[in-house]
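Engineer: Please read through the structure below; I'll follow up with questions.
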Amino acid sequence: MLRIYNTMTRTVEEFKPLRGNRVYMYVCGPTVYDYSHIGHARTYIAYDVLARYLREKGYSVFYLMNITDVDDKIIRRARERGVNPIDLAREYERYFMEDMEVLGIQSVNLYARASEYIDEIVDLIKVLMDKGFAYETETGVYFDTSRFKDYGKLSHRRPEELSVHRIEPDPTKRNPQDFALWKKRDRDEIGWDSPWGYGRPGWHIEDTAIILTHFGPQIDIHGGAIELTFPHHEAEIAQAEAATGKKPFVRYWCHTGLLTVGGEKMSKSLGNYILVRDIVKEHNPEALRLMFLLSHYRSPIDFKWRSLESSESSLNSLYNMVERLRAVETDEELSEEERKLEEYYEDFKRKFYGYLDDDLDTPRAMAELFKLASTINKFLDTRERLNALLKLKLLSEIERIGRIFGILKKRPVIEMDLLERVLEILIDVRGELRMRREFEIADRIRDRLREIGIILEDIGYQTRWRLRR
RNA sequence: GCCCGGGUGGCCGAGCGGCUAGGCGGCGGGCUGCAGACCCGCUCCACAGGGGUUCAAAUCCCCUCCCGGGCUCCA
Numbered sequence: 097m098l099r100i101y102n103t104m105t106r107t108v109e110e111f112k113p114l115r116g117n118r119v120y121m122y123v124c125g126p127t128v129y130d131y132s133h134i135g136h137a138r139t140y141i142a143y144d145v146l147a148r149y150l151r152e153k154g155y156s157v158f159y160l161m162n163i164t165d166v167d168d169k170i171i172r173r174a175r176e177r178g179v180n181p182i183d184l185a186r187e188y189e190r191y192f193m194e195d196m197e198v199l200g201i202q203s204v205n206l207y208a209r210a211s212e213y214i215d216e217i218v219d220l221i222k223v224l225m226d227k228g229f230a231y232e233t234e235t236g237v238y239f240d241t242s243r244f245k246d247y248g249k250l251s252h253r254r255p256e257e258l259s260v261h262r263i264e265p266d267p268t269k270r271n272p273q274d275f276a277l278w279k280k281r282d283r284d285e286i287g288w289d290s291p292w293g294y295g296r297p298g299w300h301i302e303d304t305a306i307i308l309t310h311f312g313p314q315i316d317i318h319g320g321a322i323e324l325t326f327p328h329h330e331a332e333i334a335q336a337e338a339a340t341g342k343k344p345f346v347r348y349w350c351h352t353g354l355l356t357v358g359g360e361k362m363s364k365s366l367g368n369y370i371l372v373r374d375i376v377k378e379h380n381p382e383a384l385r386l387m388f389l390l391s392h393y394r395s396p397i398d399f400k401w402r403s404l405e406s407s408e409s410s411l412n413s414l415y416n417m418v419e420r421l422r423a424v425e426t427d428e429e430l431s432e433e434e435r436k437l438e439e440y441y442e443d444f445k446r447k448f449y450g451y452l453d454d455d456l457d458t459p460r461a462m463a464e465l466f467k468l469a470s471t472i473n474k475f476l477d478t479r480e481r482l483n484a485l486l487k488l489k490l491l492s493e494i495e496r497i498g499r500i501f502g503i504l505k506k507r508p509v510i511e512m513d514l515l516e517r518v519l520e521i522l523i524d525v526r527g528e529l530r531m532r533r534e535f536e537i538a539d540r541i542r543d544r545l546r547e548i549g550i551i552l553e554d555i556g557y558q559t560r561w562r563l564r565r
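In our numbering, the protein residues as written are 97 to 565.
In structure tokens form, the structure reads like this:
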């Protein structure tokens, strides 16, 4: 039984989906106006692992994520570049998808673009107007937080505490904490027609509209980074529960800890902005996943290159263990030591999944996995053979863990550029042999490479290589 | 100002009343033609500071210091 921390109650609760085996899971997606950074990676990897684990446990998970493609920052950037905001959003959405792919995040069932839910958003605002939770002014339509008694229940704040603000509130609002549902804009900006005139949706309403459209008035899991708790998620609750009357809108509120670089939140001006696409150029994406898994998903992480390198080493040692295990010869006998190994393995499974069930405690689970790896290595050091069934059990369990965490997926396949470099060395050494008229050895190299589909062709003193088709 | 987190051994990081996670790095040894991988040992029980509660505190309470996040841009 999975237990998971709920921000609403601030306790770890037993996870029980509303509708039998099905899990409706929603996570706040990106605003696509720039490349994804490692903070995004942290958050989306965390929810990817949650979704994978739920599925591994047998739940039928529908994982929905929005893409914010209508937003002030997109509009500003598009204007700077003299392009259409939607085109700009599509471009960065493509980059986002590429980054997700590289990071091995494939668990999302549906990405929903805000711009494709304008009708639903307008309908939702209408309902809120009809029920008296929203009001119109010259600048837009606003949610009246004073009408929604529960406003503040997620972030545990009282409305009167919310009187301080960094940005001067719109003067037409009744209360400073009221938030925009619809922003009235001029025709020269991107927008849509609505009963309240031309304009575009407020920031919070898209998520609510998308969730209500696909999942209805109640969902199981709603995730996002901790910084979104207030006001974004608070606003979502207000909108949804005010509109549908159903409570709770979300049964389990999940929030991931923030990632900082150099002790501070990433920002371009601080120069500590690290993009996903830059990091994966030099580092294995699985190492990044592992690094995040070595911290709890709710803990803050201060990113350090050394930590990533350390994770890379750890990942390497896990791969080595798996390869050794794959390579070991098998037999049918079950020795006393193998019986002990099997016993240990059963104990490992209990602990490992026990930790994952305890609010996805991946650091402790990983510690157990490292212990298992060490035990297997130790065994393999002293033994020639391993019981076939035990080998199968161990390997399939490790593969399962790899599936949950999104690591250990790569078979040791030599990548193309590495192959080129290897052949360069081989050709160089072989050239030296030919110079010394050591043709027997040189030919053996050529023959053996041909056997595996690599053709060497000598042209004078030069050697070319190609792959057999 | 208010509301949240966090400060743990060379580094990263779990733990959240007793049972001294784990990883990375370093050093020594084993195994090895050499290297790597792997194994063993060491790096000697560290918990921001000061009070308190308790038979027992990194873990609970109080105070102080430092760092980060939120308070309608944000994963």
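By construction, the Cβ of each residue, glycine as well, lies at the ideal position given by its N, Cα and C atoms.
Identify whether LYS558 lies in helix, strand or coil by the three-state DSSP scheme.
Structural biologist: For the purposes of this step, residue 558 is taken as the residue at position 462 of the first sequence. Note that residue 558 is Gln in the sequence shown here, rather than Lys. It is a strand residue.
Engineer: Tell me the rounded alpha-carbon separation between LEU456 and PHE448.
Structural biologist: In the first sequence, counting from the first residue as 1, residue 456 sits at position 360. In the first sequence, counting from the first residue as 1, residue 448 sits at position 352. Whole-angstrom Cα-Cα distance: 10 Å.
Engineer: CA-CA distance, ARG254 and GLY248?
Structural biologist: Counted from its first residue, the first sequence places residue 254 at position 158. Counted from its first residue, the first sequence places residue 248 at position 152. Rounded to whole angstroms, ARG254 to GLY248 spans 6 Å at the Cα level.
Engineer: Given SER407, which residues of its chain have a CB within under 7 Å of its CB, disregarding the five upstream and five downstream residues?
Structural biologist: What you label residue 407 is simply residue 311 of the first sequence in a count that begins at 1. Same-chain partners within the cutoff: ALA383, LEU386, MET387 and LEU390.
Engineer: Let me know if ARG532 comes out buried or exposed under the rule of 16 or more other beta-carbons within 10 Å of its beta-carbon.
Structural biologist: Here residue 532 corresponds to residue number 436 of the first sequence, with the count starting at 1. Flag for ARG532 reads exposed.
Engineer: How would you write the range of the alpha helix (DSSP H) that PHE475 sits in, first residue to last?
Structural biologist: As a working note, residue 475 is residue 379 in the first sequence. 458 to 478 is the extent of the alpha helix (DSSP H) around PHE475.
Engineer: Please state whether the Cβ-Cβ distance between LEU354 and GLU323 is less than 8 Å.
Structural biologist: Numbered from 1 along the first sequence, position 258 holds the residue referred to as residue 354. Numbered from 1 along the first sequence, position 227 holds the residue referred to as residue 323. A contact, by the Cβ cut-off of 8 Å.
Engineer: Here's the rule I'm using: 16 or more other beta-carbon atoms within 10 Å means buried, otherwise exposed. How should VAL179 be labelled?
Structural biologist: Within the first sequence, numbered from 1, the residue matching residue 179 stands at position 83. Label assigned to VAL179: exposed.
Engineer: Looking at the strands, I want to know which residues DSSP matches up with ASN162.
Structural biologist: Looking up residue 162 in the first sequence gives position 66. Per DSSP, ALA208.
Engineer: Which residue from VAL157, THR356, ARG499 and ASP167 puts its Cα closest to that of ARG115?
Structural biologist: In the first sequence, counting from the first residue as 1, residue 115 sits at position 19. Ranking the options by Cα distance to ARG115, first place goes to VAL157.
Engineer: When you compare each of ILE315, MET97, PHE111 and LEU220 to TYR120 by their alpha carbons, which one comes out closest?
Structural biologist: Sequence index remark: in the first sequence, residue 120 carries index 24 (1-based). Per the Cα distances, ILE315.
Engineer: Do the segment 295 to 304 and the segment 271 to 284 make contact, defined as three or more Cβ pairs closer than 8 Å?
Structural biologist: With a cut-off of 8 Å, the segment 271 to 284 and the segment 295 to 304 count as touching, because enough Cβ pairs lie within range.
Engineer: Over what stretch of residues does the beta strand (DSSP E) that includes HIS351 continue unbroken?
Structural biologist: One-based indexing of the first sequence puts residue 351 at position 255. Its beta strand (DSSP E) spans residues 346 to 352.
Engineer: Per DSSP, what kind of secondary structure is SER403 in: helix, strand or coil?
Structural biologist: For the purposes of this step, residue 403 is taken as the residue at position 307 of the first sequence. Residue state, collapsed to three classes: helix.
Engineer: Taking only heavy atoms of the ligand ATP into account, decide whether any of them is closer than 7 Å to the Cβ of MET362.
Structural biologist: The ligand ATP is not among the ligands present in this structure, which contains no ligands whatsoever.
Engineer: From GLU464, ASP427 and MET97, pick the residue whose C-alpha is nearest to that of TYR149; which is it?
Structural biologist: One-based indexing of the first sequence puts residue 149 at position 53. The option with the nearest alpha carbon to TYR149 is MET97.
Engineer: Please tell me whether VAL166 and ALA210 are closer than 8 Å, where the distance is taken between their beta carbons.
Structural biologist: In the first sequence, residue 166 corresponds to position 70, counting from 1. In the first sequence, residue 210 corresponds to position 114, counting from 1. Cβ atoms of VAL166 and ALA210: closer than 8 Å.
Engineer: Could you tell me if TYR557 is buried or exposed, where buried requires 16 or more neighbouring beta carbons within 10 angstroms of its beta carbon?
Structural biologist: On the first sequence, position 461 is the one that residue 557 refers to. Classification of TYR557: exposed, given that the 10 Å Cβ count is below 16.
Engineer: Please go through the same chain and pick out, in chain order, the residues whose beta-carbon is closer than 8 Å to the beta-carbon of GLU495, but skip the five residues on each side of it.
Structural biologist: Taking the first sequence and counting its residues from 1, the one referred to as residue 495 is at position 399. Only LEU504 meet the Cβ criterion.
Engineer: Under the three-state reduction of DSSP, which class applies to ILE510: helix, strand or coil?
Structural biologist: By 1-based counting over the first sequence, the position of residue 510 is 414. With a pLDDT of 46 at ILE510, under the threshold of 50, the predicted position of this residue should be treated as unreliable, and no value is reported.
Engineer: If the criterion is Cβ atoms closer than 8 Å, does the pair ILE286 and PRO181 meet it?
Structural biologist: Reading the first sequence from its first residue, position 190 is the one you call residue 286. Reading the first sequence from its first residue, position 85 is the one you call residue 181. Contact flag set, yes.
Engineer: Does DSSP classify TYR131 as helix, strand or coil?
Structural biologist: Taking the first sequence and counting its residues from 1, the one referred to as residue 131 is at position 35. The answer is coil: DSSP assigns TYR131 none of H, G, I, E or B.
Engineer: Hey, ARG499 and GLU152 are a contact pair by Cβ (cut 8 Å); roughly how many whole angstroms apart?
Structural biologist: Locating residue 499 in the first sequence gives position 403, counting from the first residue. Locating residue 152 in the first sequence gives position 56, counting from the first residue. Their Cβ separation, rounded to whole angstroms, is 7 Å, which keeps ARG499 and GLU152 in contact under 8 Å.
Engineer: Please tell me whether LEU421 and LYS506 are closer than 8 Å, where the distance is taken between their beta carbons.
Structural biologist: Here residue 421 refers to the residue found at position 325 of the first sequence. Here residue 506 refers to the residue found at position 410 of the first sequence. No, Cβ-Cβ distance for LEU421 and LYS506 is not below 8 Å.
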